[in-house]
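Colleague:
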Amino acid sequence: MKFAERMSHLGTETAFEVLARARALEAQGREIVHLEIGEPDFDTPDNIKEAAVKALRGGYTHYGPSAGLPELREEIAAYISRHRGVAVDPAQVVVTPGGKPVIFFSALALLDPGDEVIYPNPGFPIYESMIDYIGARGVPIPLLEKNKFAFDPDQIESLITKKTRLVVINSPQNPTGGVLPRETIARLCELAVKHDFYVLSDEIYSRMIYDGEHVTPYSYPGMPERTIILDGHSKTYAMTGWRLGYGVFPKEMAVKVAKLQTNSNSCTCSFTQMAGVEALRGPQDSVDTMVAEFRARRDLIVDGLNGIPGFSCHKPSGAFYVFPNIKGTGKTSKQMEDHLMNKAGVAVLAGTAFGQYGEGYIRLSYANSQANIKKAIACIKQSL
Ligand code: PLP
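For any residue, its number in our numbering is found by taking its place in the sequence shown, counting from 1, and adding 1.
Dropping the structure here:
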């Protein structure tokens, strides 16, 4: 078949491919510890499931408005205002099937071919994929271990040109767990106002912070009109399969993004949205319990990895990933991914799945039990 030229620019998320390889080995009887996939291993809390059942029985089985149900848009605006200490109007909110479409819709709404987009590398691979697909020019900003995987604002400044239209940031970050300090965000916002570009702030891990604080660029002067906040229920409420996320946009842009949704998904699933209202409005102790457990696992996995010859692992401040340096083993990232899958029975991702600056690192998700993390560490040690 002949496909459109743009399809050759579409990237992917290798986590799903590694998961498929792991499943194939399991089908042959091998035991694999899964540290590749980026989703909480906790179940969605019962109050949220009950709200979905009630909504299904109550008739939320039809199309809803493209921008999202008014109940949920209002709840999201209140939640973001409460958590970030900023003012958000429900008219700025568009509810989407997961957080991911916010990246695609923002790229479609803002970028013309030739526009430049600065994005983190290593970083969530969908940013680069969408930038390339649209025909914009991606300008990677390296995130270095020596800077605790935060970027250097001076470096951003050196990459800005007249064509810079958008800067993508992600804090806490996938794959490094890095958290951007307040001063870095403040400096980025000054640059955004001065050079008139937009900031897509991917805050999907904002509740998963172990040290420091979550700071949104939206809170700085001149920024509400040039910031897009991406957030959602997938990670915070262990709802990856429900497909529920949202963007907070400048008002004019929210109208355009809702129109993109009319043209693609029509709307996000109605009863899922009602469950989303309960998630934000209801008790939050399940989030606290999950984050406390992630913190214990982070400490366990970092200590374990630092005990493996050739590995050195920085302790991340957020999300549920570690990104150890494996240069001392003499293996490349990809060789290590294959070795660990085949010889240790541990599924991880090569750092290069997140861009060229991921060479020399691997990503492990610690969204797995402490028992499995201990087992993985022992198997890795033995296999090397
Ligand atoms: N942004 C980042 C940084 C992520 O890691 C992910 C999921 O892995 C997403 C966005 C997308 O989340 P969702 O599953 O809600 O589409």
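Don't be surprised by glycine CBs; every beta carbon is placed ideally from N, CA and C.
For clarity, every value in this text was computed on a predicted model and none was experimentally measured.
Please name the residue, chosen from S334, A348, A187, D339, that lies closest to G356 on a Cα-to-Cα basis.
Modeller: Out of S334, A348, A187, D339, S334 has the C-alpha closest to the C-alpha of G356.
Colleague: Cα separation between Y206 and T62?
Modeller: Distance between the alpha carbons of Y206 and T62: 30 Å.
Colleague: Looking only at C-alpha atoms, which of Y211, D203, G233, H340 sits nearest to Y219?
Modeller: Here the closest residue by C-alpha is D203.
Colleague: Can you give the Cα-Cα distance for F105 and G311, rounded to whole angstroms?
Modeller: Distance between the alpha carbons of F105 and G311 is about 38 Å.
Colleague: Would the segment 332–352 count as touching the segment 183–201 if we require 3 or more Cβ pairs under 8 Å?
Modeller: Output reads no: the segment 183–201 does not touch the segment 332–352.
Colleague: For E32, which of helix, strand or coil comes out of DSSP?
Modeller: Here E32 sits in coil by DSSP.
Colleague: Compute the beta-carbon to beta-carbon distance between I302 and Y367, rounded to the nearest angstrom, for a pair I have assumed lies under 8 Å.
Modeller: The Cβ separation is near 5 Å, so the contact holds.
Colleague: List the whole-angstrom C-beta distance separating Y358 from P143, where the pair is believed to meet the contact cut-off of C-beta under 8 Å.
Modeller: Between P143 and Y358 the Cβ distance is about 5 Å, and since that is below 8 Å, they are a contact.
Colleague: I need the straight-line Cα distance from L109 to K147, nearest angstrom please.
Modeller: The straight-line gap from Cα to Cα measures roughly 35 Å.
Colleague: At which residues does the alpha helix (DSSP H) containing N171 begin and terminate?
Modeller: Segment 165–171 is the beta strand (DSSP E) holding N171; no alpha helix (DSSP H) there.
Colleague: Report the three-state DSSP secondary structure of I309 (helix, strand or coil).
Modeller: Looking at I309 - three-state DSSP - the assignment turns out to be coil, as it is neither helix nor strand.
Colleague: In chain order, what are the residues with a CB under 6 Å from some non-hydrogen atom of ligand 1?
Modeller: Listed by chain position, these are G39, G99, G100, K101, F125, N171, N175, D203, I205, G233, S235, T241, G246.
Colleague: Would you kindly work out how many angstroms separate the C-alpha atoms of C268 and Y247, rounded to a whole number?
Modeller: Cα to Cα, the separation comes out at about 12 Å.
Colleague: Where M8 and Q383 are concerned, what is the direct C-alpha to C-alpha distance, given to the nearest angstrom?
Modeller: Distance between the alpha carbons of M8 and Q383: 42 Å.
Colleague: Opposite A351 in the DSSP bridges: which residues?
Modeller: The partner list for A351 (beta bridge, DSSP) reads I363.
Colleague: Check this for me: beta carbons of E37 and A16, under 7 Å apart or not?
Modeller: Closer than 7 Å, so yes.
Colleague: Can you tell which of K252, D116, G346 has its C-alpha closest to the C-alpha of I374?
Modeller: Nearest option by C-alpha distance: G346.
Colleague: Just the Cα atoms here: how many angstroms apart are A239 and E279?
Modeller: A239 and E279: Cα-Cα distance of roughly 14 Å.
Colleague: Looking only at C-alpha atoms, which of N175, F152, K328, G136 sits nearest to Y362?
Modeller: Nearest C-alpha to Y362: K328.
Colleague: Pull the bridge partners of E396 from the DSSP assignment, please.
Modeller: Beyond the ends of the chain as shown, which are 2 and 385, falls residue 396; an answer cannot be given.
Colleague: Taking Cβ positions, are R227 and A193 nearer each other than 7 Å?
Modeller: Yes, Cβ-Cβ distance for R227 and A193 is below 7 Å.
Colleague: With DSSP collapsed to three states, give me the class of T228.
Modeller: In the structure shown, T228 sits in a strand (DSSP, three-state: E or B).
Colleague: Where do the N-terminal and C-terminal ends of the alpha helix (DSSP H) with G277 fall, by residue?
Modeller: Taken as a continuous stretch (DSSP letters only), the alpha helix (DSSP H) holding G277 covers 271–282.
Colleague: Contact check, A320 vs P91 under 8 Å by CB: the rounded distance?
Modeller: With a Cβ gap of about 28 Å, A320 and P91 do not count as contacting.
Colleague: Using 10 angstroms around the beta-carbon of M131, count the other beta-carbons present and answer buried if the total reaches 16, otherwise exposed.
Modeller: Buried, by the Cβ-count rule.
Colleague: Give me the residue from G178, V216, H340 with the minimum Cα distance to Y322.
Modeller: Nearest C-alpha to Y322: G178.
Colleague: Looking at the secondary structure, which residues open and close the alpha helix (DSSP H) in which V54 lies?
Modeller: Start and end: 47–58.
Colleague: Measuring CA to CA, which of G124, S271, Y128 is closest to E117?
Modeller: Of the candidates G124, S271, Y128, the one whose C-alpha sits nearest the C-alpha of E117 is Y128.
Colleague: In chain order, what residues of the same chain have a beta carbon less than 8 Å from the beta carbon of S82, not counting five sequence neighbours either side?
Modeller: Answer for S82: A88, V89, listed in chain order.
Colleague: For the candidate residues C314, A259, P225, whose alpha-carbon lies nearest to that of V103?
Modeller: Closest by alpha carbon: A259.
Colleague: Within its chain, find whatever has a CB closer than 7 Å to the CB of S287; leave out the 5 residues flanking it on each side and keep chain order.
Modeller: Answer for S287: P46, listed in chain order.
Colleague: Which one of A28, R244, K149 has the shortest CA to CA distance from N326?
Modeller: For the residues A28, R244, K149, the minimum Cα distance to N326 belongs to K149.
Colleague: Just mark G69 as buried or exposed, buried being the case when its beta carbon has 16 or more other beta carbons within 10 Å.
Modeller: It is buried - the Cβ of G69 has at least 16 other Cβ atoms within 10 Å.
Colleague: What did DSSP end up calling D203 once you bin it into helix, strand or coil?
Modeller: In the structure shown, D203 sits in a strand (DSSP, three-state: E or B).
Colleague: Terminal residues of the continuous beta strand (DSSP E) containing Y247?
Modeller: Note, Y247: beta strand (DSSP E), 246–249.
Colleague: Exposed or buried, what is L11 when buried is set at 16 or more other beta-carbons lying within 10 Å of its beta-carbon?
Modeller: Looking at its Cβ environment, which holds fewer than 16 other Cβ atoms inside 10 Å, L11 is exposed.
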